[in-house]
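Taken in order, the sequence shown gives residues 3 to 315; the numbers are from the numbering used here.
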Amino acid sequence: MALPPQDERTLPAAVLRDLDTQPLEQSLTAVQSLIDQYGYVIVVCSRAVPEAVGRRLHTVRSLLESDRIALFRPDLPPLGLAVLARQLRQLASCDLSPGVLASAGRLLTHYLHAGALLGSVARLDRVAVNLTSHARSWVPGSQFGVIAHPEPQLTRIGPEAALAGPEFGTSMLVAKGQLQSDWITATLARTWNVQGLREVPLPAESALWWGTGRLIEFCAFLPDLPVLYQLVTSVRQSVCHWCGLDVIGDRCVFCSATAPEPPALPPSSASSASSASGSSTPSVSSRTTASTESTASTASTAYSVHENQLPAG
Numbered sequence: 003m004a005l006p007p008q009d010e011r012t013l014p015a016a017v018l019r020d021l022d023t024q025p026l027e028q029s030l031t032a033v034q035s036l037i038d039q040y041g042y043v044i045v046v047c048s049r050a051v052p053e054a055v056g057r058r059l060h061t062v063r064s065l066l067e068s069d070r071i072a073l074f075r076p077d078l079p080p081l082g083l084a085v086l087a088r089q090l091r092q093l094a095s096c097d098l099s100p101g102v103l104a105s106a107g108r109l110l111t112h113y114l115h116a117g118a119l120l121g122s123v124a125r126l127d128r129v130a131v132n133l134t135s136h137a138r139s140w141v142p143g144s145q146f147g148v149i150a151h152p153e154p155q156l157t158r159i160g161p162e163a164a165l166a167g168p169e170f171g172t173s174m175l176v177a178k179g180q181l182q183s184d185w186i187t188a189t190l191a192r193t194w195n196v197q198g199l200r201e202v203p204l205p206a207e208s209a210l211w212w213g214t215g216r217l218i219e220f221c222a223f224l225p226d227l228p229v230l231y232q233l234v235t236s237v238r239q240s241v242c243h244w245c246g247l248d249v250i251g252d253r254c255v256f257c258s259a260t261a262p263e264p265p266a267l268p269p270s271s272a273s274s275a276s277s278a279s280g281s282s283t284p285s286v287s288s289r290t291t292a293s294t295e296s297t298a299s300t301a302s303t304a305y306s307v308h309e310n311q312l313p314a315g
């Protein structure tokens, strides 16, 4: 699902539909046209989609023999994934290189709080559910608050029900399924000190991901582009040793290469010196050589990135 723009700078999303059912040639043409038009393509894909979709994406990238396609499939609920894709669309308007923009997805997942209010947890397999909660799922009217990311949580909704949330200001999106409740908007949003709340349609994959259609999905996130940009640019950048793109973190999203292991430090050496008179007065001096890296923020290098880097899907 592609969310509406957060602001006037948010770039549009290109949604790749019906990848598991359309002819392969059609998929190849769609992705190649995006590469030709924008230069690089970042595909953000839910793990809840059919396996045939994932296989088709890998097939397309392999047949096109392109290092300009990044496949990013974080373990996020569908609404959280849609929020992340929109954050990347926001950042795509900034002076970030393709590799840094794609790597930013892994960083920004740490600042998302995604969950749902469920009418049943009998088929929930994304979060550990104990036998008591399973049994209570069969009690009419039972509801459960669940956090899937960043740390799994589950609680039965009652007067004392609470879910630990972010320790920073966020906005929240709410997507309603077949469950009727105001607990998220009236209780959870107030407890989390949410600064803005909007309702959006429920993603198509949500019922499958959460194991029930009786749900209300929610996601708290950082909405402001300056904050997102500062988070990304404050991380030290490096050059991928395989494809040469600038990246942040230890793995390139475009070629999947991981950073090489740092060289081992040389062992300490000891030297002895004897006195000129020949008397045995040993003196030992130890010298340890260590290479250090500066962790100070480096100056931001401007990259020529116009409206050509957007997440697809």
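Note that CB positions come from ideal geometry on N, CA and C, so glycine has one too. A quick note: this is a predicted structure, and the numbers were derived from the prediction, not measured.
Residue environment, residue i, which counts as buried when at least 16 other CB atoms sit within 10 Å
{"i": "Q145", "result": "buried"}
{"i": "P225", "result": "buried"}
{"i": "P6", "result": "exposed"}
{"i": "S35", "result": "exposed"}
{"i": "S273", "result": "Here the model assigns S273 a pLDDT of 45, short of 50, so the residue's position is not dependable, and the following value carries that caveat. Label assigned to S273: exposed."}
{"i": "R238", "result": "exposed"}
{"i": "G246", "result": "exposed"}
{"i": "S95", "result": "buried"}
{"i": "L230", "result": "buried"}
Cβ neighbours of residue i in the same chain (closer than 6 Å, five flanking residues each side left out)
{"i": "S48", "result": "P80, L83, E207"}
{"i": "V33", "result": "V62"}
{"i": "L21", "result": "S29, V55, R58"}
{"i": "R192", "result": "none"}
Closest Cα partner of residue i within the set the options
{"i": "V176", "options": "P161, R200, D184", "result": "R200"}
{"i": "N195", "options": "G171, P203, A188", "result": "G171"}
{"i": "H243", "options": "Y231, L233, P262", "result": "P262"}
{"i": "T235", "options": "Y42, G107, P14, S64", "result": "G107"}
{"i": "P14", "options": "G246, V148, Y40", "result": "Y40"}
{"i": "A118", "options": "G213, T260, S68, P168", "result": "G213"}
{"i": "T189", "options": "G179, E27, V229, G147", "result": "G147"}
{"i": "L98", "options": "V202, L227, S258", "result": "L227"}
{"i": "I149", "options": "I159, G160, G143, L165", "result": "L165"}
{"i": "G179", "options": "G121, A163, G198, T157", "result": "G121"}
{"i": "G101", "options": "Q92, L156, V43", "result": "V43"}
Proximal residues to residue i (C-beta, below 7 Å), its chain only, five neighbours per side dropped
{"i": "P205", "result": "M3, P80, L81, A84, A177"}
{"i": "Q182", "result": "none"}
{"i": "A50", "result": "P80, E207, L210, W211"}
{"i": "L66", "result": "L30, V33, Q34"}
Three-state class that DSSP yields for residue i in the structure shown
{"i": "A116", "result": "strand"}
{"i": "D22", "result": "coil"}
{"i": "Q180", "result": "coil"}
{"i": "G82", "result": "helix"}
{"i": "E201", "result": "strand"}
{"i": "S288", "result": "For S288, the predicted model reports a pLDDT of 33, less than 50, meaning its position is unreliable; a value from the coordinates is still stated below. In this structure, S288 counts as strand in the three-state DSSP scheme."}
{"i": "E53", "result": "helix"}
{"i": "R158", "result": "strand"}
{"i": "S173", "result": "strand"}
{"i": "V17", "result": "coil"}
{"i": "A32", "result": "helix"}
Check: residue i C-beta below 7 Å from any heavy atom of the ligand FAD
{"i": "T23", "result": "The ligand content of the structure shown is nil, which means the ligand FAD is not present either."}
Terminal residues of the alpha helix (DSSP H) in which residue i lies
{"i": "D107", "result": "Before going on, a small fix: residue 107 reads as Gly here, not Asp. Run containing G107: 100-110, per the alpha helix (DSSP H) assignment."}
{"i": "A209", "result": "208-212"}
{"i": "L224", "result": "That residue, L224, is in no alpha helix (DSSP H); it is neither H nor E in DSSP."}
Neighbourhood of residue i by C-beta, 8 Å cutoff - its chain only, sequence neighbours within 5 removed
{"i": "L114", "result": "L78, G82, V85, L86, H151, P152, C221, A222, F223"}
{"i": "P52", "result": "D22"}
Host beta strand (DSSP E) of residue i (start-end)
{"i": "S240", "result": "239-241"}
{"i": "V148", "result": "146-151"}
{"i": "D252", "result": "From DSSP, D252 is part of no beta strand (DSSP E); its letter is neither H nor E."}
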